[in-house]
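> This is the structure I want to talk about, given as structure tokens.
2 protein chains.
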Amino acid sequence: MTDIRMIEAAAARLAGHVRRTPLLSSPFLEEIAGRRLFVKAECLQHTGSFKFRGGWSAVSALDPETRARGVIAFSSGNHAQGVALAAKLHGVPAVIVMPSDAPALKIANTRGFGAEVVLYDRATGDRDAIGAQLAAERGLTLIKPFDEPQVIAGQGTTGLEIAEQAAEAGVTQADVLVPCGGGGLTSGIALALEARAPGLRARPAEPAGFDDATRSLGSGQIERNPAMTGSICDAIVTPQPGNITFPILKRLCGPGIVVTDDEALHAMALAFLRLKIVVEPGGAVALAAALFHPEQVEGAAVIAVTSGGNVDPAMFCTALERYAG
Amino acid sequence: MTDIRMIEAAAARLAGHVRRTPLLSSPFLEEIAGRRLFVKAECLQHTGSFKFRGGWSAVSALDPETRARGVIAFSSGNHAQGVALAAKLHGVPAVIVMPSDAPALKIANTRGFGAEVVLYDRATGDRDAIGAQLAAERGLTLIKPFDEPQVIAGQGTTGLEIAEQAAEAGVTQADVLVPCGGGGLTSGIALALEARAPGLRARPAEPAGFDDATRSLGSGQIERNPAMTGSICDAIVTPQPGNITFPILKRLCGPGIVVTDDEALHAMALAFLRLKIVVEPGGAVALAAALFHPEQVEGAAVIAVTSGGNVDPAMFCTALERYAG
Chain D
23 MTDIRMIEAA
33 AARLAGHVRR
43 TPLLSSPFLE
53 EIAGRRLFVK
63 AECLQHTGSF
73 KFRGGWSAVS
83 ALDPETRARG
93 VIAFSSGNHA
103 QGVALAAKLH
113 GVPAVIVMPS
123 DAPALKIANT
133 RGFGAEVVLY
143 DRATGDRDAI
153 GAQLAAERGL
163 TLIKPFDEPQ
173 VIAGQGTTGL
183 EIAEQAAEAG
193 VTQADVLVPC
203 GGGGLTSGIA
213 LALEARAPGL
223 RARPAEPAGF
233 DDATRSLGSG
243 QIERNPAMTG
253 SICDAIVTPQ
263 PGNITFPILK
273 RLCGPGIVVT
283 DDEALHAMAL
293 AFLRLKIVVE
303 PGGAVALAAA
313 LFHPEQVEGA
323 AVIAVTSGGN
333 VDPAMFCTAL
343 ERYAG
Chain C
23 MTDIRMIEAA
33 AARLAGHVRR
43 TPLLSSPFLE
53 EIAGRRLFVK
63 AECLQHTGSF
73 KFRGGWSAVS
83 ALDPETRARG
93 VIAFSSGNHA
103 QGVALAAKLH
113 GVPAVIVMPS
123 DAPALKIANT
133 RGFGAEVVLY
143 DRATGDRDAI
153 GAQLAAERGL
163 TLIKPFDEPQ
173 VIAGQGTTGL
183 EIAEQAAEAG
193 VTQADVLVPC
203 GGGGLTSGIA
213 LALEARAPGL
223 RARPAEPAGF
233 DDATRSLGSG
243 QIERNPAMTG
253 SICDAIVTPQ
263 PGNITFPILK
273 RLCGPGIVVT
283 DDEALHAMAL
293 AFLRLKIVVE
303 PGGAVALAAA
313 LFHPEQVEGA
323 AVIAVTSGGN
333 VDPAMFCTAL
343 ERYAG
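As they're listed, the protein sequences go chains D and C. Okay, so the first sequence: first residue is 23 according to our numbering, each after it adds one. Okay, so the second sequence: first residue is 23 according to our numbering, each after it adds one.
And the structure:
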């Protein structure tokens with residue numbers, strides 16, 4: 023299971039390859055939040071999301087012979103791009119299995135990062151069977167998006183940086199709000215903070231209606247979302263917390279915070295105006311929680327992770343038209 | 023006159039206050055540029071542009087008694103915000119003199135950074151007389167936008183970071199393209215690179231029709247722009263290179279590169295898609311030069327500074343609609 027030694031080993035493998043993303047701030051945002059506010063701009067990571075960390079960690083952790091045969095992932099989003107670029111930079115093949123109705127831009131981007139994209143029909147195809155057959159034929163290793171210890175270790179390197187950067191900013195006590203889908207990033211950050219900055223507490227942030235982690239933390243057991251579609255925060259919509267990630271969340275995290283889609287759009291517009299970064303809806307939920315639910319945050323400072331920036335131009339302009347006018 | 027010792031002294035005063043902005047890259051942009059391409063994302067600086075560096079450098083260089091009386095600047099743009107925030111963080115007053123028809127958002131932002139904004143009528147008022155009277159009455163020190171050695175020294179700290187970050191990336195030979203208005207940023211970077219990374223060469227980038235620095239470098243003497251309006255790259259439109267900055271440009275810089283407004287918009291859209299940063303038109307001209315005029319660039323690597331991100335949402339969405347569709 024992932025622990026601080028695994029995270030530090032992942033950090034050593036990532037050194038020189040991952041970007042140490044900046045911790046940003048703005049007096050205008052602090053006025054809204056009513057406290058010191060820092061933004062860990064992980065949307066500036068390679069491939070536009072934190073997923074590159076987990077992808078690199080998992081690919082680099084394989085023994086060379088296994089790695090040389092290649093890796094496979096199921097994803098139409100940020101995980102696909104993270105694994106694809108990590109594999110490319112290691113000089114090994116990556117196969118990404120995507121539904122044939124995935125946005126053309128996402129397919130093109132994943133190919134642009136060097137992956138072979140295998141499409142399947144969502145209605146008639148069996149994704150797992152296709153993947154299993156490809157993996158068996160070619161000896162590919164499956165890289166799961168979050169319920170995989172080396173992926174969690176890679177995402178946890180974000181937490182090591184937060185611990186260092188918060189200390190540099192003189193912050194020793196704060197809630198660290200993290201956009202939460204399956205819980206890979208949140209659990210990794212929680213483990214890193216436990217060891218390196220025990221005054222910082224990780225908390226998941228989620229979109230309304232897809233608050234499985236928040237409800238699971240409330241009940242103490244894994245709860246499922248009633249649906250898988252209907253939020254613009256697609257990057258962090260998953261059926262339920264992972265079997266590996268949830269026990270970590272339960273042991274270490276504070277309560278979840280839930281935001282509306284409109285609050286996520288508003289946070290995107292403020293990040294544009296005040297921080298000059300591009301954040302996707304799912305990546306903006308933690309910033310939205312810090313800005314628009316300050317009564318649920320504890321302490322004199324808060325740190326919000328903006329986990330990704332892969333947003334369609336039309337959606338981005340909708341956010342600006344509504345909230346940056 | 024500004025030299026490397028003044029730049030390093032400015033860096034010491036700026037330490038802990040300025041953001042060390044990241045050096046970003048994307049394989050998609052490198053494919054377009056046809057060489058290794060790095061982007062110094064100075065739009066992520068405090069106040070959304072490099073101007074905070076020069077403002078802080080100038081304010082912090084004043085003797086305490088002079089500084090306590092306050093500072094004054096003439097600007098409706100990035101320099102105003104940089105000086106305002108630098109003064110606020112030093113706990114001293116800042117007066118910013120702006121035309122009364124300046125955009126409401128810019129006036130509000132400058133006030134938001136703690137400055138007193140004094141408006142004058144562009145048609146009937148005498149800006150310099152108003153400023154001189156205020157300065158005399160209150161003992162304020164004028165902070166000029168570029169033709170001022172301590173401002174150039176502050177902007178030059180960008181060059182110290184580029185020298186370090188290029189070395190970390192293994193780049194020892196490259197053109198460094200810099201959006202150029204009055205030449206404060208370009209000359210400061212050129213001085214820093216001369217001392218710390220002599221294989222890197224600064225070159226100004228400018229919008230078509232406002233290419234005073236490019237023409238001045240060509241003729242060897244200061245040339246003026248025929249007009250002061252008509253480009254969307256308003257942040258870098260100035261009448262001519264400065265009397266202090268031009269001799270530095272002439273001694274150290276390679277030839278200028280000129281781009282169209284549409285190329286600047288295209289570069290903004292690609293920075294959104296591939297780097298997840300917000301760049302204003304004037305701040306995007308160097309990236310546009312690297313992407314769309316590769317035949318004018320020398321060497322296997324190029325570094326483009328994106329100098330600011332203070333762009334109206336409508337202009338930003340125009341860029342996305344045209345070039346990120």
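In this text, a Cβ means the ideal position worked out from N, Cα and C, and glycines have one as well. These numbers were taken from a predicted model, which means no experiment stands behind them.
(1) Following the continuous alpha helix (DSSP H) through L309/D, name the residue where it begins and the one where it ends.
(2) Can you say whether T194/C is buried or exposed, counting buried as having 16 or more other CB atoms within 10 angstroms of its CB?
(3) Using the Cα positions of H315/D and P86/D, report the straight-line distance between them to the nearest angstrom.
(4) Is A322/C helix, strand or coil when you go by DSSP?
(5) Residues of chain D with a CB under 7 Å from the CB of L287/C: which are they?
(6) Go to I118/C, then tell me how far its beta strand (DSSP E) extends in each direction, as first and last residue.
(7) Quick one: which residues of the stretch 287-310 of chain C get their C-beta closer than 7 Å to a C-beta of chain D? List them in chain order.
(8) With a cut-off of 8 Å, does the C-beta of R223/D fall near any C-beta of chain C?
(9) For the alpha helix (DSSP H) containing A83/D, list its first residue and its last residue.
(10) Cα separation between G178/C and I165/C?
(11) How many angstroms separate the CA atom of G240/C from the CA atom of G276/C?
(12) Over what stretch of residues does the alpha helix (DSSP H) that includes D234/C continue unbroken?
(13) Determine the closest residue to G204/D out of I254/D, Q262/D, G147/D, A191/D, with distance taken between C-alpha atoms.
(14) Determine, using beta carbons only, whether D169/D and G321/D come nearer to each other than 8 Å.
(15) Hey, is A95/D's beta-carbon within less than 8 Å of any beta-carbon in chain C?
(16) Can you tell me which of the three DSSP states A249/D falls into?
(17) Do K298/D and V300/C come within 8 Å of each other at the CB atom, strictly closer than that value?
(18) According to DSSP, what are the bridge partners of T260/D?
(19) Can you name the start and end residues of the alpha helix (DSSP H) that K166/D belongs to?
(20) To the nearest angstrom, how far is the alpha carbon of F50/C from that of G134/D?
(21) Could you have a look at A63/C and say whether DSSP puts it in helix, strand or coil?
(22) From T328/C to T43/C, what distance separates their C-alpha atoms?
(23) Under the three-state reduction of DSSP, which class applies to G330/C: helix, strand or coil?
(24) Out of P335/D, D334/D, C339/D, N332/D, which has the shortest C-alpha to C-alpha gap to P335/C?
(25) Find the nearest neighbour of S48/C within the set G38/C, L59/C, P125/C, judged by alpha-carbon distance.
(26) Using the Cα positions of K73/D and H101/D, report the straight-line distance between them to the nearest angstrom.
(27) Per the DSSP calculation, L199/D is bridged to which residue(s)?
(28) Can you pull out the residues from the stretch 46-59 of chain D whose beta carbon lies closer than 9 Å to at least one beta carbon of chain C?
(29) With DSSP collapsed to three states, give me the class of L46/D.
(30) Sort S71/C, P125/C, G70/C, M120/C by Cα distance to I94/C and report the nearest one.
(31) Between G104/D and the ligand FAD, is the CB less than 7 Å from at least one heavy atom?
(32) What residue from A145/C, G206/C, Q155/C has the CA that sits closest to V173/C's CA?
(33) Where A230/D and A310/D are concerned, what is the direct C-alpha to C-alpha distance, given to the nearest angstrom?
(34) Thinking just about the alpha-carbon of each residue, which of A191/C, L111/C, A32/C, P125/C is nearest to the one in A80/C?
(35) Around the Cβ of P303/D, are there at least 16 other Cβ atoms within 10 angstroms (buried) or fewer (exposed)?
So, from the data block:
(1) As a position in the first sequence, residue 309/D is number 287, starting the count at 1. Taken as a continuous stretch (DSSP letters only), the alpha helix (DSSP H) holding L309/D covers 307-314.
(2) Position 172 of the second sequence, counting from 1, holds the residue named residue 194/C. Exposed: under 16 other Cβ atoms inside 10 Å.
(3) As a working note, residue 315/D is residue 293 in the first sequence. As a working note, residue 86/D is residue 64 in the first sequence. One C-alpha to the other measures close to 47 Å.
(4) Position 300 of the second sequence, counted from the start, is the residue given in the question as residue 322/C. DSSP places A322/C in coil when its eight states are reduced to three.
(5) As a working mapping, residue 287/C is identified with position 265 in the second sequence. By Cβ distance, chain D contributes nothing, its closest Cβ being about 13 Å from L287/C, past 7 Å.
(6) Within the second sequence, residue 118/C is the residue found at index 96, counting from 1. DSSP places I118/C in the uninterrupted beta strand (DSSP E) bounded by 116-121.
(7) The residues in question are F294, K298, I299, V300.
(8) Here the question's residue 223/D lines up with position 201 in the first sequence. No, R223/D does not count as interfacial toward chain C.
(9) What you label residue 83/D is simply residue 61 of the first sequence in a count that begins at 1. Where A83/D is concerned, the enclosing alpha helix (DSSP H) stretches over 73-83.
(10) Reading the second sequence from its first residue, position 156 is the one you call residue 178/C. Reading the second sequence from its first residue, position 143 is the one you call residue 165/C. Distance between the alpha carbons of G178/C and I165/C is about 16 Å.
(11) Position 218 of the second sequence, counting from 1, holds the residue named residue 240/C. Position 254 of the second sequence, counting from 1, holds the residue named residue 276/C. Roughly 10 Å separates the two Cα atoms.
(12) As a position in the second sequence, residue 234/C is number 212, starting the count at 1. First-last of the alpha helix (DSSP H) with D234/C: 234-241.
(13) Sequence index remark: in the first sequence, residue 204/D carries index 182 (1-based). Relative to the Cα of G204/D, the nearest Cα in the group I254/D, Q262/D, G147/D, A191/D belongs to Q262/D.
(14) The sequence position of residue 169/D within the first sequence is 147, counting from 1. The sequence position of residue 321/D within the first sequence is 299, counting from 1. No, they are not a contact pair.
(15) What you label residue 95/D is simply residue 73 of the first sequence in a count that begins at 1. Between A95/D and chain C, the shortest Cβ-Cβ separation is not below 8 Å.
(16) Within the first sequence, residue 249/D is the residue found at index 227, counting from 1. Assigned with DSSP and collapsed to three states, A249/D falls in coil, not helix or strand.
(17) Residue 300/C sits at position 278 when you count from the first residue of the second sequence. Residue 298/D sits at position 276 when you count from the first residue of the first sequence. Yes, Cβ-Cβ distance for V300/C and K298/D is below 8 Å.
(18) Translated into positions along the first sequence, residue 260/D becomes position 238. BP columns for T260/D are empty, so no partner.
(19) The sequence position of residue 166/D within the first sequence is 144, counting from 1. Here K166/D belongs to no alpha helix (DSSP H), and DSSP marks it neither H nor E.
(20) By one-based count along the second sequence, residue 50/C stands at place 28. By one-based count along the first sequence, residue 134/D stands at place 112. Cα to Cα, F50/C sits roughly 7 Å from G134/D.
(21) By one-based count along the second sequence, residue 63/C stands at place 41. A63/C sits in a strand when the DSSP states are folded into three classes.
(22) Residue numbering aside, residue 328/C sits at position 306 when the second sequence is read from its first letter. Residue numbering aside, residue 43/C sits at position 21 when the second sequence is read from its first letter. Taking the straight line joining both Cα atoms gives about 11 Å.
(23) To locate residue 330/C, count along the second sequence from 1; it is residue 308. In this structure, G330/C counts as strand in the three-state DSSP scheme.
(24) The residue labelled residue 335/C in the question sits at position 313 within the second sequence. Closest by C-alpha distance to P335/C, out of P335/D, D334/D, C339/D, N332/D, is C339/D.
(25) By one-based count along the second sequence, residue 48/C stands at place 26. When each option's Cα is compared against that of S48/C, the closest is L59/C.
(26) Along the first sequence, read from residue 1 onward, the residue named residue 73/D stands at position 51. Along the first sequence, read from residue 1 onward, the residue named residue 101/D stands at position 79. In a straight line, the C-alpha of K73/D is about 5 Å away from that of H101/D.
(27) Working through the first sequence from its first residue, we reach residue 199/D at position 177. Paired residue(s): R225/D, A326/D.
(28) Against chain C - using a Cβ distance shorter than 9 Å - the residues of the stretch 46-59 of chain D are L46, S47, S48, P49, F50, E53.
(29) Reading the first sequence from its first residue, position 24 is the one you call residue 46/D. L46/D falls in the strand class under three-state DSSP.
(30) The count along the second sequence starts at 1 and reaches residue 94/C at position 72. It is M120/C whose Cα lies nearest to the Cα of I94/C.
(31) In terms of ligand content, the structure shown is empty, and the ligand FAD therefore cannot be addressed.
(32) The residue you call residue 173/C lines up with position 151 of the second sequence. In terms of CA proximity to V173/C, G206/C leads the group A145/C, G206/C, Q155/C.
(33) Along the first sequence, one-based indexing puts residue 230/D at 208. Along the first sequence, one-based indexing puts residue 310/D at 288. Looking at the two C-alpha atoms, the distance is approximately 12 Å.
(34) On the second sequence, position 58 is the one that residue 80/C refers to. When only C-alpha atoms are compared, the closest one is A32/C.
(35) Counting from one through the first sequence, the residue named residue 303/D turns up at place 281. Burial state of P303/D is buried, judged by a 10 Å Cβ sphere holding 16 or more other Cβ atoms.
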